Structure formats: C-alpha cells, structure tokens
Ligand SMILES: [Zn+2]
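Numbering (UniProt numbering), first residue to last: 1 to 158.
This is the structure we're talking about:
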C-alpha cells in the first residue's frame, strides 16, 4: 500500500479494528518516510455473476432492491431490510467463495426473508423459484405450517 502523501511504497500498521458487522478490517497506517497517517479498509472480494455472464461486486443494495418489491404493503422496515441484506452477505461470505451466481444469492435470501415475513417470502420465492401453479404455493405454505408447528412444539417442551 503506497503512502497517499509521498507515494512511499511501504507503511506501518499502527492500529487495526474489525468493523461492527465483522465483514471488514480498518487499519490505521503510518508512512515511515513522511509520517503521514491514513486508513485502509480490507474486505474480502466477493463477486456476483449475473445471468448475462457479467461479473459485478456483491452489493447489499442490490439484495435490498430485489427484496423490497416482495415486501410491499408488509410490516417490513428499511432497518429490517438492511439487517436482512447483512445476514445474506454474512451467510454468503461464510461459505468462503469469492464469486457466486446471482441464483445463489437468491437462495441465500430465502432463509432470512422467511424469518422476516412469510408473505414476502412467498412472493419472493414465487418469482425466484418460478412458481407456475397453485400446487407450488400450497407446497411452500405446507412447509411453512409444518415448521411453525415444529417450533411451537419445541417451545412447548421448553
Ligand atoms: Zn509518506
């Protein structure tokens, strides 16, 4: 990392801290040549390959805009969407890959969205998984009901 002041090719790390979401590291650096201090942010690169084959950096904004439509009229706040996008990014980064298909992002969205709002989940899943019949909806709703019964049973035991 070149010093932004004098272009010296070396710098010393004087402080590192992990960001609140744990996804990046900020380092305070000092140039041994001119003494100038600057900050760098390190984030592991994560790219999304779109259906068109074009690669672009993963963006939480894209996740949010993809989900927002499904959440129309639902009690979902911008804050909820931000948390959802963060969870999606964390889940994707945990797999350790540096690039993935747009399709896999869609898959990673399904879980957190389902916990957030079941109706929004059904809407999103119907588009993403290309539901083409009532049976597809019935199947998903049956899954949701079964899981709800399971978690109700679990909380009865506890
Ligand atoms: Zn310098």
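Yeah, the Cβ is synthetic: ideal placement off N, Cα and C, and Gly gets one too. Predicted model, so just to flag it, every value in this text is computed and none were measured.
beta-carbon residue i near ligand 1 non-hydrogen atom, thresh 7 Å
| i | result |
| --- | --- |
| residue 31 | yes |
| residue 22 | no |
| residue 34 | yes |
| residue 131 | no |
| residue 71 | no |
| residue 58 | no |
| residue 5 | yes |
Distance CB(residue i)-CB(residue j) smaller than 8 Å
| i | j | result |
| --- | --- | --- |
| residue 105 | residue 88 | yes |
| residue 109 | residue 67 | yes |
| residue 140 | residue 122 | yes |
Residue i at chain D interface by Cβ criterion, 8 Å
| i | result |
| --- | --- |
| residue 97 | In the displayed structure, chain D is absent; only one protein chain is listed. |
Near ligand 2: residue i beta-carbon under 7 Å from a heavy atom
| i | result |
| --- | --- |
| residue 79 | Absence of ligand 2 is noted for the structure shown, with ligand 1 being the only ligands found. |
Distance, residue j Cα to residue i Cα
| i | j | result |
| --- | --- | --- |
| residue 102 | residue 51 | 7 Å |
| residue 39 | residue 8 | 15 Å |
| residue 119 | residue 55 | 31 Å |
| residue 11 | residue 85 | 34 Å |
| residue 42 | residue 133 | 46 Å |
| residue 156 | residue 111 | 24 Å |
| residue 37 | residue 14 | 9 Å |
Buried versus exposed, by CB contacts within 10 Å (16 or more), residue i
| i | result |
| --- | --- |
| residue 81 | buried |
| residue 125 | buried |
| residue 130 | exposed |
| residue 153 | exposed |
| residue 151 | exposed |
| residue 34 | exposed |
Q.
Is it the case that the segment 13-20 contacts the segment 67-75, given that we only count it when at least three CB pairs across the two stretches are under 8 Å?
A. no
Q. Do the segment 28-43 and the segment 56-65 meet, that is, are 3 or more Cβ pairs less than 8 Å apart?
A. no
Q) Does the segment 110-128 come within contact of the segment 94-101, defined as at least 3 CB pairs closer than 8 Å? A) no
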